[in-house]
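**Student:** Sharing a structure with you now.
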Amino acid sequence: MKLNRKPTHPGEFFKEEILEERGISVTSAAQSLGVTRKSLSVFINGHSKCSHAMARRLAEATGTGVAFWINMQAKLDTWEAENMILESEVLPLSVARVM
Numbered sequence: 007m008k009l010n011r012k013p014t015h016p017g018e019f020f021k022e023e024i025l026e027e028r029g030i031s032v033t034s035a036a037q038s039l040g041v042t043r044k045s046l047s048v049f050i051n052g053h054s055k056c057s058h059a060m061a062r063r064l065a066e067a068t069g070t071g072v073a074f075w076i077n078m079q080a081k082l083d084t085w086e087a088e089n090m091i092l093e094s095e096v097l098p099l100s101v102a103r104v105m
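Under our numbering, the very last position in the sequence shown is 105; numbers go up by exactly one each time.
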């Protein structure tokens, strides 16, 4: 099922729903997660994907499951793939010519 609205990036969710709601600074969160402040900042601003390692760290720190974070990233990745503009035409394999 194709989603119309772009799903929330897991980093943006973490920033808005966890850090801001609990009054936790990025520096403090980075220390708790065992990552650099810079890498966490890049993540919470939606500029890097939620890796498996980050998902594990977030799950441990928040009491959620790893799947929660991986699924959130997967939904975003799926939406981006479904909505990307392809630069060339794609033909079904049954129609494509063998070169």
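All C-beta atoms, glycine included, are put in the ideal place defined by N, C-alpha and C. Bear in mind the structure is a predicted one, so any value in this text is a computation, not a measurement.
So, with DSSP's three-state summary, where would you put Glu66?
**Tutor:** Here the question's residue 66 lines up with position 60 in the sequence shown. Here Glu66 sits in helix by DSSP.
**Student:** By how many angstroms is the C-alpha of Gly17 removed from the C-alpha of Glu27?
**Tutor:** Reading the sequence shown from its first residue, position 21 is the one you call residue 27. Reading the sequence shown from its first residue, position 11 is the one you call residue 17. Rounded to whole angstroms, Glu27 to Gly17 spans 14 angstroms at the Cα level.
**Student:** Determine the contact status of Leu39 and Leu64, defining contact as a CB-CB distance below 9 angstroms.
**Tutor:** By one-based count along the sequence shown, residue 39 stands at place 33. By one-based count along the sequence shown, residue 64 stands at place 58. A contact, by the Cβ cut-off of 9 angstroms.
**Student:** Are the region 83-98 and the region 29-44 touching, with three or more C-beta to C-beta distances below 8 angstroms?
**Tutor:** Segments in contact, no.
**Student:** Taking only three categories from DSSP, how would you classify Gly29?
**Tutor:** Within the sequence shown, residue 29 is the residue found at index 23, counting from 1. It is coil, neither helix nor strand.
**Student:** So for Pro98, helix, strand or coil by DSSP?
**Tutor:** Within the sequence shown, residue 98 is the residue found at index 92, counting from 1. In this structure, Pro98 counts as coil in the three-state DSSP scheme.
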